[in-house]
Amino acid sequence: MSNRAILLGNEAIARGIVEAGCLVTTAYPGTPSSEILPAVAKFADELGTKTAVEWGANEKVAFEMAASASFTGIRTCAVMKQVGLNVAADPFMSAAHFDLKGGMLLVVADDPGPHSSQTEQDTRFFAMFAKVPCFDPSTAAEAKEMVFDGFDLSEKHNIITILRPSVRVDHCRQDVELKEVISIDNKMNFEKDPSRWVCLPARVRVNHPRLNAKIEAIREDFENNYSKYNYKVPAKGKAKLGIIASGVSFSIVMDILKSWGREDISVLKIGTPHPLPLKMVDEFIKRHENVVIIEETYPVVEMQILDRTKIKGRWNGYVPKAGELLPEVTEEIILKCLGEEIELGADPDLKAALEELAITPRKPMLCPGCPHRASFFSIRQALPKAVNPSDIGCYTLGVNQKGVDAVMDMGGSVTMASGFYLAHKVAGEDRPIVTTIGDSTFFHMGLPGLASAVYNKHAFVLAILDNSITAMTGGQSHPGIGTKLRKGEEGRVVEIEGACRGCGIKYIKIIKAYDIDEGKQTIKEAWEYAKENEEPAVVIFKHPCMLLRRPQEKIQVYVDPEKCIGCKFCINFFNCPGLVFDEEKKKARIDERFCVQCGVCENVCPHGAILKVEGEEA
C-alpha cells in the first residue's frame, strides 16, 4: 500500500512510529505532544501491529518503560512535552551513557511562546546536555521521515535519539505519504550484562569517553549522510544575507522570502542541530559577509559555532532572547540584518476585520459548569485567610477566582504546602494551608510529596479535584480511570482514596464538588483535624469533567436586578463564563450562550440575587 492523507503533525509522527516497527510506545500527555500516543494506538490497530501503547503515570515512568524495553533489542519510543523531559531527566541522563541494544526514539514536543507551558525551554539544549543526537523537523512530512532515520541512527550508534518537533509542526496539517510497516529484525532477547545495564560510577569512566566518540561519529554522519535535512538554498548571484535556519524557522524563512520575491538571500537549512555539522556551517559562514542564525528558542546552533564574530544572532541582540519567532518577528529580524526599512504594525486589512467583528479577547478560564470552580469557591469561603498553593492543570485557572497563590510544577502543590507549613511553624503561626491538585496530577507526582508530608507530620489540607479525566491536555486516561488505548485492552483502576491511605492518610472525606455548603464545612473540619493532629488531611471533590458530556441535573437560574447591587462578587470570586457584568446597568446577568444550567451559582451571591427559575428543574 502506498497512499497519502492529510494528517496533523503529531499524527504524522505517530504513523511514522508504527510504520518504523516500534513495538513499545509510552507517553505522558502534555500539549503540544498529547495527540501522538492515541494516534499510535489508532494506526497500530489499523495496521495490525503488536505495538504496546501505554500512558505512564508520569514522564519518568514512561521513559523508563521504553528505555528498558530497548535493552532487549526491540524498537521503542517515549513521548512527552519539553517540561516533561525535566521529570524524566534523571533516567534520560543515565541511559544516554548506555550502549543500547534496540533503537530508542525520544519524541519531545517544544512549546516556543509558550502557549501552554511553564517554560519555553529548548529540548535541543537537553540533547547537548546529555550528549545525544537531535532531529529538528520543519514540517509534518519531514517529522515523519525523521522517525525512520532516528531509529536507524539509534541502532547504528546504540544511542538514544531525540526527535524535537515544536508546536507549529505538531499542530500543522500536511499531506503525507502512508506506507506499510517495514520489515526489520525486531526480536526480543535480553542478555544479562551488568557492565552494560548498571549505571555504576566505575562504568561512567568507560561509558563517558565512548559517548563522546559516538557524538563525533554522529557529527560526521550528519555532515555526509543527511543532505535531505541539511542543505543550502543558494541565492541567485551575490547574496546580501546568509541565513542559517533550524526546524520550523526554516519553513517560516522560506515562506517569507517567497512572498517577498527575494532571490538575493541564501539559506542553510539545519535539520540536525546536535551534534552540529560544523564543517558545513563554517563553510557557509565563510562564503557570506552577513550571516544571521534563526532558531527557536535557545541559541543551540549559535553556541556550537566557535567564532561568532561574523554572526548576527541572540548573542548580539539581532534575534530576540525570548518568545516565539512568528513570521512577523522573523521578517523584522531579516530586514534588520539587511539594514532595510522595517514596517511595524498589524496588517491593515486584518486590523479592520477585527474592529468590524468587535472581538474582545478573553483570558483563559474554567469551562461553564466546571466542578473545580465550585471546589475553589468552597475552599476560599471556608478559610479566606488560608495559603492556597496549586498545581499544573485546568485548576491553575483557579487564580481567576483568587483561589490560587502559588504554582511551580507538576506535584509541587503538595510539597509547597509542606514548605509553607514549615515556614509558618518556625515563625510560630498556624495559618491554614489548603492546597489543590487534580486526579491525574496526583498520580503523576503528588504521591511522593504526600508520603513525605505524612512522614514529617506536616499539617495542611490537600484538596484533590477529581474530575475523572486528564482534562487540560485533551481527555486522556490515568491510573484513577483505568482505561487503555488499544482496542480490546483493559486496565485496572487505582482508587485515589486507597492510594492516600497507602501513604498513611487517616482523614479522608469524599464530597460532591457542586455542594458548596458541604465543601465549606468539610474544609473547615479537615483543617481543624490537620492542625490538631499535625498531619495532612485529604478532601476529594468529585464530579466528572463537563467535557465528558455525562448527563446531570439541569437547573435554570436568573439574576434578580432588584437584589443585585453590582458588587461583582460573583464575577471576581466565582468567575463563570455564564455570568457577565453589564457595565451600563451595573448589574450581573446570565449569559445564556455559555450557561450550562449547573445551578451552582445559586449559592454564590452574598445578597441572594441569583435565583432558580421556578418549575425549570429537570
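In the working numbering, the protein residues as written are 3 to 620. Quick reminder that beta carbons are idealized off the backbone N, C-alpha and C, glycines included. It should be emphasised that the depicted structure is a prediction, and the values quoted were computed from it without experimental measurement.
Pick out the complete beta strand (DSSP E) segments inside the stretch 67–106, 3 residues or longer, and give them in chain order.
With a minimum length of 3 residues, the continuous beta strand (DSSP E) runs that stay inside the stretch 67–106 are 78–83.
Within the stretch 350–382, note down every full alpha helix (DSSP H) run reaching 4 residues or more, in order along the chain.
Here the runs fully enclosed are 350–359.
Excluding the 5 residues flanking GLY315 on each side, which residues of the same chain have their C-beta closer than 7 angstroms to its C-beta?
Counting only residues of its own chain and dropping the five nearest sequence neighbours on each side, GLY315 has a CB closer than 7 angstroms to the CB of VAL294, ILE295, PRO301, GLU304 and VAL321.
Can the beta-carbon of LEU467 be found less than 8 angstroms from the beta-carbon of TYR516?
Taking 8 angstroms as the Cβ cut-off, LEU467 and TYR516 do not qualify as a contacting pair.
Buried versus exposed call for ALA611 [16 or more other C-beta atoms within 10 Å across all chains shown]:
When all chains shown are included, ALA611 counts as buried.
Measuring alpha carbon to alpha carbon, tell me which of ALA142, ASP101 and GLU326 ends up nearest LYS216.
Answer by Cα proximity: ASP101.
Examine the Cβ distances between the stretch 531–541 and the stretch 493–511 and report whether three or more of them are shorter than 8 angstroms.
Because the criterion of three Cβ pairs below 8 angstroms is met, the stretch 531–541 and the stretch 493–511 touch.
How would you label PRO608, buried or exposed, when you count the other beta carbons within 10 angstroms and need 16 or more for buried?
Taking every protein chain shown into account, the CB of PRO608 has fewer than 16 other CB atoms within 10 angstroms, so this residue is exposed.
Within the stretch 513–567, ranges of the beta strand (DSSP E) (whole runs, at least 3 residues):
539–544 and 559–561, all fully within the stretch 513–567.
Please name the residue in ALA22, ASP223, GLY395 and ASN5 whose C-alpha comes closest to that of LYS158.
Considering only alpha carbons, the answer is ASP223.
Let me know the secondary structure DSSP gives LYS271 once reduced to three states.
Correct three-state label for LYS271: strand.
Counting only runs that start and end within the stretch 200–273, where is the alpha helix (DSSP H) found for 4 or more residues in a row?
Runs of the alpha helix (DSSP H) inside the stretch 200–273: 203–226 and 250–262.
Which whole-angstrom value describes the C-beta separation of PRO579 and MET367, a residue pair presumed to lie in contact below a C-beta threshold of 8 angstroms?
Under the criterion of beta carbons closer than 8 angstroms, PRO579 and MET367 qualify as touching, at roughly 6 angstroms.
Test item: CB-CB of LYS83 and PRO34 under 8 angstroms:
Their beta carbons are under 8 angstroms apart, which means LYS83 touches PRO34 by this criterion.
Are the CB atoms of CYS600 and GLN581 within a distance shorter than 8 angstroms?
Correcting the residue type first, residue 581 is Leu in the shown sequence and not Gln. Result no, Cβ atoms of LEU581 and CYS600 do not sit closer than 8 angstroms.
Would you kindly check if the distance between the Cβ of GLY395 and the Cβ of GLY440 is under 8 angstroms?
One thing to note: GLY440 has its Cβ within 8 angstroms of the Cβ of GLY395.
Rounded distance between the beta-carbons of GLY239 and ASN292, thought under 8 angstroms:
At roughly 15 angstroms, the Cβ-Cβ gap does not stay under 8 angstroms, so ASN292 and GLY239 are not in contact.
Three-pair Cβ contact test at 8 angstroms for the stretch 519–527 versus the stretch 557–576:
The answer is no - the stretch 557–576 does not touch the stretch 519–527, with fewer than three Cβ pairs under 8 angstroms.
Around the Cβ of PRO391, are there at least 16 other Cβ atoms within 10 angstroms (buried) or fewer (exposed)?
By the 10 Å Cβ count, PRO391 comes out buried.
Suppose contacts are defined by Cβ-Cβ distances below 8 angstroms. Is ASN232 in contact with PRO279 by that definition?
Yes, the pair counts as a contact, with Cβ atoms nearer than the cut-off.
Within 10 angstroms of its Cβ, does TYR228 collect 16 or more other Cβ (buried), or is it exposed?
Per the 10 Å Cβ criterion, buried.
Which of the three DSSP states, helix, strand or coil, is assigned to VAL389?
Strand.
Rounding to the nearest angstrom, what Cα-Cα distance links VAL42 and LYS281 in this structure?
Rounded to the nearest angstrom, the two C-alpha atoms are 37 angstroms apart.
Per the contact definition of three or more C-beta pairs closer than 8 angstroms, is the stretch 447–455 in contact with the stretch 405–413?
Below 8 angstroms, enough C-beta pairs join the stretch 405–413 and the stretch 447–455 to call them touching: three or more.
Would you kindly work out how many angstroms separate the C-alpha atoms of GLU619 and ILE518, rounded to a whole number?
At GLU619, the pLDDT of 49 sits below 50, so the modelled position is not reliable and the matter cannot be decided from this model.
When the Cα atoms are used, what is the spatial distance from LEU180 to GLY11?
Near 13 angstroms, if we compare the C-alpha coordinates of GLY11 and LEU180.
Scan the stretch 113–173 and note each continuous alpha helix (DSSP H) run of 4 residues or more that stays entirely inside, going in chain order.
Whole alpha helix (DSSP H) segments, 4+ residues: 125–132, 142–159 and 169–172.
7 angstroms Cβ shell around ILE307 - same chain, five flanking residues per side excluded:
Hits under 7 angstroms: VAL283 and ILE313.
Should SER119 and GLN478 be called a contact, given that it needs their Cβ atoms to be closer than 8 angstroms?
Against a cut-off of 8 angstroms, the Cβ pair of GLN478 and SER119 comes out as no contact.
Same chain, Cβ closer than 7 angstroms to ALA86, neighbours up to 5 away in sequence not counted:
At residue 86 the sequence reads Gly, which differs from the Ala that was named. So the qualifying residues of the chain are TYR30, GLY32 and GLU61.
Measure the CB-CB distance between CYS79 and THR121 and report whether it falls below 8 angstroms.
No, the Cβ-Cβ distance between CYS79 and THR121 is not below 8 angstroms.
Burial state of TYR457, where buried means 16 or more other Cβ atoms lie within 10 Å
Note on TYR457: under 16 other CB atoms within 10 angstroms of its CB, so exposed under the neighbour-count rule.
Excluding five sequence neighbours on each side, which residues of the same chain lie with their C-beta closer than 6 angstroms to the C-beta of ARG1?
The chain is shown from 3 up to 620; residue 1 falls before or after that span and cannot be answered.
Return the first residue and the last residue of the beta strand (DSSP E) that LYS589 is part of.
Counting along the chain, LYS589 sits inside the beta strand (DSSP E) bounded by residues 589–592.
So is ASP172 buried or exposed if we call it buried at 16+ other beta carbons inside 10 Å?
In the assembly as shown, ASP172 is a buried residue. Its beta-carbon has 16 or more other beta-carbons within 10 Å.
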